[in-house]
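Residue numbers (numbering that gives the first Met the number 0), protein chains in the order written: chain R, 0 to 216; chain D, 0 to 157; chain W, 0 to 483.
For glycine and all other residues, C-beta sits at the position ideal for the given N, C-alpha and C.
The structure presented is a predicted model; accordingly, all values stated were derived computationally and were not measured.
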Amino acid sequence: MINLSINTAILISAAVAILTSLLYLREYFLRKKIYQSQRKISQIKLQKIAQLLAAAEEAETQVLAEGSFATKKLLAEFKIQLQNIVKDSQQSINSSQNQLIKFMERLQDTSARFEEASKISGEKRINELFERLESKISDFLIQTEQKTTSSIDLELKAARQLIETYRNAQLKLIDENIVAMMEQTLNLVLAKKLSLKDQLDLIYEALEKAKTEKFIV
Amino acid sequence: MQDLLNSILKDTYSISELKHRLRILKNYLSESFFGGQKVELTGVEDTNWLKSLPAQFFQSINKDNIYNIFTNLEADVKKLTILTMYLTFEPDTTTISQIGTFARKNFGPSLLLDIKFDPNLIAGTALVWKGNYQDYSLRSKMAQKKEEILESFKKFLR
Amino acid sequence: MNIQTQEVGYAVSSRDFLVYLDGLPTIRVNDLVESETGLRGWVNSIFEDNVEVLMLDEGQVVPKQQFKRLPSRLGIPVGDFLLGRAINPLGIPIDGKGLLFRAKTGPILELDQTAPPVESRQFITNQFLTGITLIDTLIPIGRGQRELILGDAHSGKSGFLIDVVVNQKNTGVICIIALVGKPTITVRNLIDILKANQALSYTVVVATSSSDPAPLIFLTPKTAFTIAEYFQKKGKDVLLLLDDLGAHAKIYREIALLGNKSPGKESYPGDIFYQHAHLIERAGNFLPQAGGGSITALPVIELNLDDFTTLIPTNLMSMTDGHLLFKSSLHSQGQTPAIDISLSVSRVGRQTQDQVSSFLSTRIRQVLSAAADLETISRFSSELPTHTQIILRRKELILEFLKQEPLTPIPKQIQVILLALPFTSLFQDKNRLFAEQYKKIIIDSFLNHPQLAPITKSVPKLKSDEELLKLLEKAVPILLKLLK
Numbered sequence: 000m001i002n003l004s005i006n007t008a009i010l011i012s013a014a015v016a017i018l019t020s021l022l023y024l025r026e027y028f029l030r031k032k033i034y035q036s037q038r039k040i041s042q043i044k045l046q047k048i049a050q051l052l053a054a055a056e057e058a059e060t061q062v063l064a065e066g067s068f069a070t071k072k073l074l075a076e077f078k079i080q081l082q083n084i085v086k087d088s089q090q091s092i093n094s095s096q097n098q099l100i101k102f103m104e105r106l107q108d109t110s111a112r113f114e115e116a117s118k119i120s121g122e123k124r125i126n127e128l129f130e131r132l133e134s135k136i137s138d139f140l141i142q143t144e145q146k147t148t149s150s151i152d153l154e155l156k157a158a159r160q161l162i163e164t165y166r167n168a169q170l171k172l173i174d175e176n177i178v179a180m181m182e183q184t185l186n187l188v189l190a191k192k193l194s195l196k197d198q199l200d201l202i203y204e205a206l207e208k209a210k211t212e213k214f215i216v
Numbered sequence: 000m001q002d003l004l005n006s007i008l009k010d011t012y013s014i015s016e017l018k019h020r021l022r023i024l025k026n027y028l029s030e031s032f033f034g035g036q037k038v039e040l041t042g043v044e045d046t047n048w049l050k051s052l053p054a055q056f057f058q059s060i061n062k063d064n065i066y067n068i069f070t071n072l073e074a075d076v077k078k079l080t081i082l083t084m085y086l087t088f089e090p091d092t093t094t095i096s097q098i099g100t101f102a103r104k105n106f107g108p109s110l111l112l113d114i115k116f117d118p119n120l121i122a123g124t125a126l127v128w129k130g131n132y133q134d135y136s137l138r139s140k141m142a143q144k145k146e147e148i149l150e151s152f153k154k155f156l157r
Numbered sequence: 000m001n002i003q004t005q006e007v008g009y010a011v012s013s014r015d016f017l018v019y020l021d022g023l024p025t026i027r028v029n030d031l032v033e034s035e036t037g038l039r040g041w042v043n044s045i046f047e048d049n050v051e052v053l054m055l056d057e058g059q060v061v062p063k064q065q066f067k068r069l070p071s072r073l074g075i076p077v078g079d080f081l082l083g084r085a086i087n088p089l090g091i092p093i094d095g096k097g098l099l100f101r102a103k104t105g106p107i108l109e110l111d112q113t114a115p116p117v118e119s120r121q122f123i124t125n126q127f128l129t130g131i132t133l134i135d136t137l138i139p140i141g142r143g144q145r146e147l148i149l150g151d152a153h154s155g156k157s158g159f160l161i162d163v164v165v166n167q168k169n170t171g172v173i174c175i176i177a178l179v180g181k182p183t184i185t186v187r188n189l190i191d192i193l194k195a196n197q198a199l200s201y202t203v204v205v206a207t208s209s210s211d212p213a214p215l216i217f218l219t220p221k222t223a224f225t226i227a228e229y230f231q232k233k234g235k236d237v238l239l240l241l242d243d244l245g246a247h248a249k250i251y252r253e254i255a256l257l258g259n260k261s262p263g264k265e266s267y268p269g270d271i272f273y274q275h276a277h278l279i280e281r282a283g284n285f286l287p288q289a290g291g292g293s294i295t296a297l298p299v300i301e302l303n304l305d306d307f308t309t310l311i312p313t314n315l316m317s318m319t320d321g322h323l324l325f326k327s328s329l330h331s332q333g334q335t336p337a338i339d340i341s342l343s344v345s346r347v348g349r350q351t352q353d354q355v356s357s358f359l360s361t362r363i364r365q366v367l368s369a370a371a372d373l374e375t376i377s378r379f380s381s382e383l384p385t386h387t388q389i390i391l392r393r394k395e396l397i398l399e400f401l402k403q404e405p406l407t408p409i410p411k412q413i414q415v416i417l418l419a420l421p422f423t424s425l426f427q428d429k430n431r432l433f434a435e436q437y438k439k440i441i442i443d444s445f446l447n448h449p450q451l452a453p454i455t456k457s458v459p460k461l462k463s464d465e466e467l468l469k470l471l472e473k474a475v476p477i478l479l480k481l482l483k
């Protein structure tokens with residue numbers, strides 16, 4: 000039993016060893032082929048690169064030449080234009096300066112005239128104002144004077160009337176007092192002094208009057 | 000009845016006097032008929048008056064009809080006309096009779112007076128007849144003539 | 000020299016304030032006489048041979064004292080100067096503010112006027128708003144109506160009257176209060192309360208204290224009516240309160256018994272009905288030819304509620320257009336005003352109420368009567384069906400909303416809204432305590448809240464209570480939010 004198994008194990012391991020060596024050889028040859036192909040490709044690439052570089056150089060020099068020529072032309076044009084512009088602007092500046100000077104002179108004239116005119120009118124107006132003010136104040140004074148005098152008159156009249164009415168009322172009171180006093184005095188006096196005969200006479204007189212007036216039927 | 004009253008009224012001029020006399024008459028008569036204590040009569044005047052009443056006066060009154068008579072008398076008294084006078088003094092009996100006679104001469108024989116006292120009437124009298132009051136005194140005369148009085152009074156001033 | 004004669008009479012007999020005079024030949028009833036000592040009286044009746052005079056001033060009358068006839072009759076000067084003053088029945092001020100001011104002498108109207116006849120009266124169409132929910136919705140009063148106020152003592156009648164007067168501020172209604180024989184302190188308190196509530200400027204107070212002579216107390220209602228007629232003839236609406244006619248009847252009984260008139264039922268004289276009726280008839284609603292205006296009279300009588308079939312209350316009930324019954328038991332339970340709704344009636348008020356209020360009041364009365372029936376059942380059974388519970392709860396809510404504190408007026412639209420709320424879904428599950436707590440907030444929000452105020456304003460234009468309930472249902476969610 001154990002010998003069988005050892006034999007199989009040895010067989011298996013031998014098989015495996017043979018397989019791995021075969022595989023290894025195959026790998027090696029494959030790698031070599033790949034390496035060679037790669038070298039060929041890189042060679043072709045290098046050739047192309049060189050060609051491109053040469054073409055680029057040619058183009059570069061051409062462009063440079065054209066460029067310098069164009070810049071020279073531009074510069075000349077610019078110079079001419081600048082000169083023109085400067086001349087134009089100078090002209091315009093001069094003309095506007097002249098205009099300005101003329102305008103200033105005119106302004107001065109008009110302002111001088113204006114000053115004088117305003118001075119004259121100002122004086123006139125002030126005079127007018129003063130006159131009007133005077134007249135108004137005088138009017139006002141006259142009016143207030145009149146009003147105060149009339150109101151004082153009214154007050155006086157009212158006060159006088161009040162005094163009159165008061166006086167009249169007082170006089171009336173006094174009159175009544177007089178009468179009352181007289182009545183009382185008479186009362187006292189007559190009660191003492193009238194004789195019986197006089198009293199009776201008065202009574203008869205009253206009775207007769209009542210009869211004539213038909214007070215007593 | 001009327002005769003009795005008239006005979007009493009002949010010399011009675013004021014209502015208070017009349018009532019007073021009726022009262023003492025009744026007292027005297029009831030005393031004389033029915034006995035009882037002797038009441039003192041008030042004053043000499045009253046006895047004189049009682050004596051002056053005519054004899055036939057007393058004949059018509061007797062025990063039976065005394066109360067009847069007096070009730071009738073009182074009813075008649077209520078019907079009498081009364082003149083109210085306000086005097087400034089309190090008159091005595093003679094004065095009243097004087098005034099009474101005068102009034103009866105003018106206004107009717109059975110007129111009765113009602114004398115009241117009002118000193119505010121300075122002199123003279125105020126009369127009330129059937130509820131109407133009329134002032135005939137000096138006070139009212141002065142009130143009427145106030146202006147003239149004042150005028151003449153002022154002449155004395157200054 | 001004829002001076003004016005003057006009529007005089009002499010005192011024949013006297014008894015307390017009754018004096019019999021003779022003389023005075025052309026005297027008429029209601030003329031004034033004056034004694035020598037300045038005591039005045041007026042002629043009450045004329046006999047065959049003497050004149051019966053009732054003395055207005057207290058003093059001694061001596062037999063045979065002279066009485067002069069005065070040119071004036073029993074009357075008072077009337078005018079606008081009476082407003083804000085308190086006077087006695089002769090026109091003399093009693094409030095201590097000095098003499099009545101008269102720019103020109105006002106007309107003197109006699110106290111005894113005959114009541115205007117039928118042809119000068121008008122149908123009552125306007126409602127008299129008292130500002131108290133219970134009256135204005137359930138027992139409405141019209142302008143020109145006479146409504147009797149019955150109640151026992153301490154049932155809040157006088158407070159109710161003051162409320163009605165104070166709630167007439169700014170309505171143009173003139174108020175006249177007649178206090179018949181009340182204690183002086185009551186008069187003083189009334190004037191102070193009116194002044195504190197700025198109600199004095201449109202009020203006239205005619206008062207007699209219980210210590211005044213009986214003839215003067217007797218004249219108080221006549222004076223009050225005379226003043227009321229003066230304002231009515233100028234086209235104004237007048238409210239007249241007579242507090243109270245029971246005392247007036249007693250004083251009249253005293254005068255009649257003293258004058259030996261034969262006593263009738265309860266010792267009242269035979270013409271006691273006339274004395275009250277001819278006064279009450281002077282109130283009413285008048286045509287423009289008779290001056291326009293109206294006089295609304297609220298006579299008061301205090302009685303014993305066990306028996307209100309005595310003479311004076313039954314007389315007054317027959318003379319007036321309805322009555323309000325105040326109960327002191329309700330007052331002590333906290334209901335103010337303490338009016339018993341089932342026993343009170345207003346015979347004229349229905350025709351003056353607008354439609355919404357009348358429908359609403361019918362509904363409320365139905366609920367109240369149904370609840371009264373169901374209450375007896377509810378005492379027996381512990382579990383009630385929902386329908387019964389709803390009715391009972393509604394009745395509680397309604398009674399809670401009808402309660403009103405003194406001196407808190409509620410405008411008409413708010414009254415209607417408050418009483419319609421128990422019928423909405425808002426209060427379906429709320430009870431009385433909730434209503435009591437939130438009543439004030441509800442009133443304020445319906446007056447001021449921007450969403451609810453338009454509802455308040457649109458109430459007068461509604462035609463039926465259904466519309467009102469619909470409107471209120473819409474407002475329920477807003478209210479719920481406010482009441483959280």
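* Any idea what DSSP makes of residue 158(R), helix, strand or coil? -> By 1-based counting over the first sequence, the position of residue 158(R) is 159. Of the three classes helix, strand and coil, the one that applies to residue 158(R) here is helix, per DSSP.
Measuring CA to CA, which of 261(W), 39(W), 404(W), 458(W) is closest to residue 55(W)? In the third sequence, counting from the first residue as 1, residue 55(W) sits at position 56. Considering only alpha carbons, the answer is 39(W).
Once DSSP output is grouped into helix, strand and coil, what is the label at residue 12(D)? The count along the second sequence starts at 1 and reaches residue 12(D) at position 13. Here residue 12(D) sits in coil by DSSP.
- Report the neighbours of residue 25(D) on chain W: residues whose CB is nearer than 7 Å to its CB, in chain order. The residue labelled residue 25(D) in the question sits at position 26 within the second sequence. Those within 7 Å of residue 25(D) in chain W number zero; the least Cβ separation is about 22 Å.
Exercise. Going along chain D, which residues have a C-beta under 8 Å from residue 141(R)?
Worked result: What you label residue 141(R) is simply residue 142 of the first sequence in a count that begins at 1. Within 8 Å Cβ-Cβ: nothing; residue 141(R) doesn't reach chain D, min ~49 Å.
Review point. Under the three-state reduction of DSSP, which class applies to residue 475(W): helix, strand or coil?
Key: The residue you call residue 475(W) lines up with position 476 of the third sequence. Correct three-state label for residue 475(W): helix.
query: Grouping DSSP H, G and I as helix and E and B as strand, with all else coil, what is residue 165(R)?
result: Working through the first sequence from its first residue, we reach residue 165(R) at position 166. Three-state DSSP puts residue 165(R) in a helix.
*Tell me which same chain residues have a C-beta within less than 7 Å of the C-beta of residue 146(W), skipping the five on either side of it?*
Here residue 146(W) refers to the residue found at position 147 of the third sequence. Excluding sequence neighbours, residue 146(W) sits near 140, 297, 319, 320, 321, 322, 323, 345.
**Prompt:** Using the C-alpha atoms, what's the distance from residue 306(W) back to residue 313(W)?
**Reply:** Taking the first residue of the third sequence as position 1, residue 313(W) is located at position 314. Taking the first residue of the third sequence as position 1, residue 306(W) is located at position 307. In a straight line, the C-alpha of residue 313(W) is about 11 Å away from that of residue 306(W).
Name the residue from 463(W), 465(W), 442(W), 316(W) whose alpha carbon lies nearest to the alpha carbon of residue 455(W).
Reading the third sequence from its first residue, position 456 is the one you call residue 455(W). Checking every option, the nearest Cα to that of residue 455(W) belongs to 442(W).
Next item on the list: Measure the alpha-carbon distance for residue 548(W) versus residue 92(W) and round it to whole angstroms.
Entry: Outside the modelled stretch of chain W, which goes from 0 to 483, sits residue 548(W), for which no answer is possible.
- Query: Is DSSP giving residue 267(W) helix, strand or coil here?
  - Reply: Mapped onto the third sequence, residue 267(W) falls at position 268. In the structure shown, residue 267(W) sits in coil (DSSP, three-state: anything other than H, G, I, E or B).
**Prompt:** Given a threshold of 16 other Cβ atoms within 10 Å of its Cβ, counted over all protein chains shown, does residue 416(W) qualify as buried or as exposed?
**Reply:** Mapped onto the third sequence, residue 416(W) falls at position 417. Residue 416(W) is buried by the Cβ-count criterion.
Identity of the residue in 25(D), 125(D), 34(D), 13(D) nearest residue 91(D) by Cα: For the purposes of this step, residue 91(D) is taken as residue 92 along the second sequence, with counting starting at 1. Considering only alpha carbons, the answer is 13(D).
Under 7 Å from the C-beta of residue 174(R): neighbouring residues of chain D:
Here residue 174(R) refers to the residue found at position 175 of the first sequence. Going along chain D in sequence order, the residues near residue 174(R) (Cβ under 7 Å) are 149.
(message) Three or more C-beta pairs under 8 Å: does that hold for the region 89–104 of chain D against the region 61–69 of chain D?
(response) no
For this session: Output, in chain order, the set of chain W residues within a Cβ distance shorter than 8 Å of residue 129(D).
Result: Position 130 of the second sequence holds residue 129(D). Here the neighbours are 22, 24.
| residue 214(R) versus 7(D), 97(D), 76(D), 131(D), residue with shortest Cα-Cα distance | In the first sequence, residue 214(R) corresponds to position 215, counting from 1. Closest in alpha carbon position to residue 214(R), among 7(D), 97(D), 76(D), 131(D), is 131(D).
Can you tell me whether residue 225(W) is buried or exposed, with buried defined as 16 or more other CB within 10 angstroms of its CB? Mapped onto the third sequence, residue 225(W) falls at position 226. Taking all protein chains shown into account, residue 225(W) has 16 or more neighbouring C-beta atoms within 10 Å of its C-beta and is therefore buried.
(message) Considering Cα atoms alone, identify which of 157(W), 162(W), 370(W) is closest to residue 130(W).
(response) Here residue 130(W) refers to the residue found at position 131 when the third sequence is read from its first residue. Closest by alpha carbon: 162(W).
Margin query: Taking 8 Å as the cut-off, is the C-beta of residue 118(D) nearer than that to any heavy atom in the ligand HEM?
Written below: Because no ligand of any kind appears in the structure shown, any question about the ligand HEM cannot be addressed here.
Checklist line | Inter-stretch contact (C-beta, 8 Å, three-pair minimum) for the region 181–195 of chain W and the region 226–238 of chain W | finding: Verdict: no, contact absent.
Exercise for review: Please check if any C-beta of chain W sits within less than 9 Å of the C-beta of residue 137(D).
Suggested key: By one-based count along the second sequence, residue 137(D) stands at place 138. Not closer than 9 Å to any Cβ of chain W, the Cβ of residue 137(D) fails to qualify, so no.
Item checked: Under the three-state DSSP convention, the category residue 526(W) falls into -> Residue numbering for chain W in the displayed model covers 0 to 483; residue 526(W) lies beyond these limits and cannot be assessed.
Q.
Between which two residues does the alpha helix (DSSP H) holding residue 484(W) run?
A. The displayed coordinates of chain W run from 0 to 483. Any statement about residue 484(W) would go beyond what the structure contains.
- Query: Does the separation of the CB atoms of residue 370(W) and residue 391(W) fall below 9 Å?
  - Reply: Taking the first residue of the third sequence as position 1, residue 370(W) is located at position 371. Taking the first residue of the third sequence as position 1, residue 391(W) is located at position 392. It is a contact, given that the beta carbons lie within the stated cut-off.
* Any chance the region 253–271 of chain W sits against the region 15–22 of chain W, with 3 or more Cβ pairs inside 8 Å? -> yes
Review point. Using Cβ-Cβ distances below 9 Å, what residues of the region 7–18 of chain D are close to chain W?
Key: none
Is it buried or exposed for residue 205(R), if we count other Cβ within 10 angstroms and need 16 for buried? Here residue 205(R) refers to the residue found at position 206 when the first sequence is read from its first residue. Result: buried.
Next item on the list: Examine the Cβ distances between the region 19–38 of chain W and the region 145–155 of chain D and report whether three or more of them are shorter than 8 Å.
Entry: no
Is the CB of residue 3(D) under 9 Å away from at least one CB in chain R? Against the second sequence, residue 3(D) aligns to sequence position 4. For residue 3(D), the answer is no, since every Cβ of chain R falls outside 9 Å of its Cβ.
Cβ of residue 204(R) within 9 Å of any chain D Cβ: What you label residue 204(R) is simply residue 205 of the first sequence in a count that begins at 1. Yes, because at least one Cβ of chain D sits closer than 9 Å to the Cβ of residue 204(R).
| task | Taking the CB atoms as reference points, tell me whether residue 94(D) and residue 127(D) lie closer together than 9 Å. | result | Here residue 94(D) refers to the residue found at position 95 when the second sequence is read from its first residue. Here residue 127(D) refers to the residue found at position 128 when the second sequence is read from its first residue. No, they are not a contact pair.
Worksheet item: How big is the Cα-Cα spacing for residue 310(W) and residue 273(W)?
Response: As a position in the third sequence, residue 310(W) is number 311, starting the count at 1. As a position in the third sequence, residue 273(W) is number 274, starting the count at 1. Using only the alpha carbons, I get a separation of about 13 Å.
- For residue 6(W), which beta-bridge partners are listed by DSSP? As a first step, residue 6(W) must be located in the third sequence, where it is residue number 7. In the DSSP output, where bridge partners are listed per residue, residue 6(W) has 131(D).
Contact with chain D by residue 7(W), beta-carbon distance below 9 Å: As a first step, residue 7(W) must be located in the third sequence, where it is residue number 8. Yes, residue 7(W) counts as interfacial toward chain D.
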